[in-house]
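Single-structure report; data block below.
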Amino acid sequence: MVALSNVRFGKHNDEAKAIRTALIAVGVEIPAGATGFFGEQTRPAYAAWQHTLGFTGPDADGFPGCFSLAKLGARAGFVADCRHPGAVTKSSVRFSKNSGVAIAEATARAFTEQACDRTFAPGSWVTGVATDRTS
Numbered sequence: 001m002v003a004l005s006n007v008r009f010g011k012h013n014d015e016a017k018a019i020r021t022a023l024i025a026v027g028v029e030i031p032a033g034a035t036g037f038f039g040e041q042t043r044p045a046y047a048a049w050q051h052t053l054g055f056t057g058p059d060a061d062g063f064p065g066c067f068s069l070a071k072l073g074a075r076a077g078f079v080a081d082c083r084h085p086g087a088v089t090k091s092s093v094r095f096s097k098n099s100g101v102a103i104a105e106a107t108a109r110a111f112t113e114q115a116c117d118r119t120f121a122p123g124s125w126v127t128g129v130a131t132d133r134t135s
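Just so we're aligned: the sequence shown equals residues 1 to 135 in UniProt numbering.
Okay, structure coming up:
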């Protein structure tokens with residue numbers, strides 16, 4: 001299974017290796033081969049795959065979407081998991097009534113930083129946590 005939520009530019013993981021292996025199997029060239037890195041060689045290779053599916057312009061940007069990943073999986077023999085790309089599962093969030101931690105902007109920022117890290121969301125999202133009451 002390849003989880004869309006784990007397919008991110010710059011990541012090293014089994015999903016990237018499965019995608020690169022699948023792209024090579026369908027005839028797309030990747031000079032470094034089937035490494036586990038989704039980077040500068042994977043993106044144009046994936047864009048070429050998107051073009052074979054009829055995508056053009058910004059729709060063929062080299063970043064997997066559910067449709068193109070599912071089609072690649074069907075050809076390569078893996079299942080694409082597109083349920084909640086980037087979502088945090090309930091089981092990965094644990095806290096107990098803020099025990100010993102002051103309720104403040106710093107706490108909200110810390111929780112948001114952890115959520116961004118776990119979902120590979122941009123760290124810049126942390127700046128939206130606090131409400132600036134002076135403006």
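For each residue, glycine too, the CB sits at the ideal point set by N, CA and C.
Exclusion of the five residues before and after ALA18 leaves VAL2, ALA76, PHE78 as the residues of its chain whose Cβ lies within less than 8 Å of its Cβ. In this structure, the alpha-carbon of ALA22 lies about 10 Å from that of ALA74. Separation of LEU69 and GLY33 (C-alpha to C-alpha, rounded to the nearest whole angstrom) is 19 Å. Counting of Cβ neighbours within 10 angstroms places LEU53 among the exposed residues, the total staying below 16. The beta carbon of LYS71 sits closer than 7 Å to those of LEU53, all from its chain and outside the five residues before and after it, given in chain order.
With 16 or more other Cβ atoms from the protein chains shown falling within 10 Å of its own Cβ, THR42 counts as buried. Looking at the DSSP output, ALA80 shares a beta bridge with VAL2.
Its chain contains THR42, ARG43, PRO44, ALA45, TYR46, ALA47, GLN50 as the residues whose beta carbon lies nearer than 8 Å to that of GLY62, once the 5 sequence neighbours on both sides are disregarded; these appear in chain order. About 6 Å separates the CB atoms of PHE38 and PHE9; that is less than 8 Å, so the two are in contact. Residue burial annotation: ALA80 is buried, with at least 16 other C-beta atoms found within 10 angstroms of its C-beta. In this structure, VAL28 sits away from GLU15, with a CB-CB distance that is not shorter than 8 Å. Annotation for ASP14: the continuous alpha helix (DSSP H) segment containing it runs 14-25.
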